[in-house]
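Inspection log for the structure reproduced underneath, given as structure tokens.
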Amino acid sequence: KVGWYNAVLQPAFHLPYPDDTLAFVVLSTPSMFDKALKPFVNKERLKIIRDPVDQCVSHHLSFVKEKFPDQKVDIIYDYEILPNRKPKFLAQTAAHVAGAAYYYQRKDVKLDPWGKKKIYGVCIHPKYGGWFAIRALLVFPDIQVPLLEQSAPIDCVSTEEKRIEL
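Residue 41 in this note's numbering sits at position 51 of the sequence shown, and the numbers go up by one each step.
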């Protein structure tokens, strides 16, 4: 739900939908290469492809959108930015609140060894580890799901030492 995402972020990053709006995080896994990307590139061989992965994801998500002809579906891609250069959505945060992957951040390490150094977080999937990507967010603005329960992401990097290594 959009509200799960908005609840953990500053207002500047909020998505402009009611809290109970249904949304899905779209991930790609290693099998995407053989199942989607290679067939897409082969089919589009005679066309100019500037960014094969992004164009492949867009191609397949357009089919998803067609499967819901009676619904409004907003697709927000991971690479889209606002005029102020901020991302349209924070992909790792979205994956975390959706329960898709655990977003490890500085606050997940009790004994901070970095001092004033800038540290970025990383998402880890319980099955694919770091071998996945967050590609998009599908938002269904007209579908409200007030009873949908949130699933916590699986914390699969259990030791402090391993979290520091990330």
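Each residue gets a CB set at the ideal place from its N, CA and C atoms; glycine is no exception.
In the same chain as Ser18, and ignoring 5 residues on each side of it, the C-beta atoms closer than 6 Å to its own belong to Ala123 and Arg125, in chain order. In this structure, Ala84 and Leu127 form a Cβ contact; the two beta carbons are roughly 6 Å apart against a cut-off of 8 Å.
When secondary structure is reduced to three states using DSSP, Asp24 falls in the helix class. A residue is called buried once 16 or more other Cβ atoms fall within 10 Å of its Cβ, and Phe53, having fewer, is exposed.
Around the beta carbon of Val147, a 10 Å sphere encloses 16 or more other beta carbons of the protein chains shown; the residue is thus reported as buried.
One alpha carbon belongs to Pro143, the other to Gly119, and they sit about 13 Å apart. In the structure shown, the three-state DSSP call for Ile124 is strand. Rounded to whole angstroms, the gap between the alpha carbons of Ala81 and Cys113 is 9 Å.
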